[in-house]
Amino acid sequence: MTFKYRLILANDDEIADYNSAEWQEGLPAELDYLRTDPLAQLQRKGKSGVYDHVHLSVPEHNKTLVQWWGRVSSGYHRPIGDVMKMVKDSV
Numbered sequence: 311m312t313f314k315y316r317l318i319l320a321n322d323d324e325i326a327d328y329n330s331a332e333w334q335e336g337l338p339a340e341l342d343y344l345r346t347d348p349l350a351q352l353q354r355k356g357k358s359g360v361y362d363h364v365h366l367s368v369p370e371h372n373k374t375l376v377q378w379w380g381r382v383s384s385g386y387h388r389p390i391g392d393v394m395k396m397v398k399d400s401v
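The numbers in the numbering used here rise by one with no breaks, and the one at position 83 of the sequence shown is 393.
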């Protein structure tokens, strides 16, 4: 059986864990398909127009949590939508 991941909303403890990260990094290339996950698209919908670049990021200490980030015209990056969690989904 092959496994891929899908996204669900993170719970309060997972959100706190995500927010405790000192830094985030971009989603690994092998997980790029998560950009089209229905929940990921819902979190980004209607919010990406004010950003000149958006990407999914994971914290350095917990690679199962993910959130959209966008770069605003000032150059700063801002979180977009809710923190999500990757869960295994059989294919």
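Glycine included, every Cβ here is placed at the ideal spot set by N, Cα and C.
- Task: May I have the straight-line CA-CA distance separating R388 from Q351, to the nearest angstrom?
- Result: When rounded, the distance between both Cα atoms is 17 angstroms.
- Query: Whose C-alpha, out of L375, R345 and V360, is nearest the C-alpha of V397?
  - Reply: L375
- Task: Taking A326 as the reference, give the member of W378, T346 and N372 with the closest Cα.
- Result: For the residues W378, T346 and N372, the minimum Cα distance to A326 belongs to N372.
- Out of Q377, L344 and S384, point me to the one whose CA is closest to Y328's CA. Q377
- Message: For a minimum of 4 consecutive residues, which ranges assigned as the alpha helix (DSSP H) are wholly contained in the region 314 to 378?
- Response: 322 to 329 and 348 to 354
- Kindly indicate which three-state DSSP category V382 falls into: helix, strand or coil? coil
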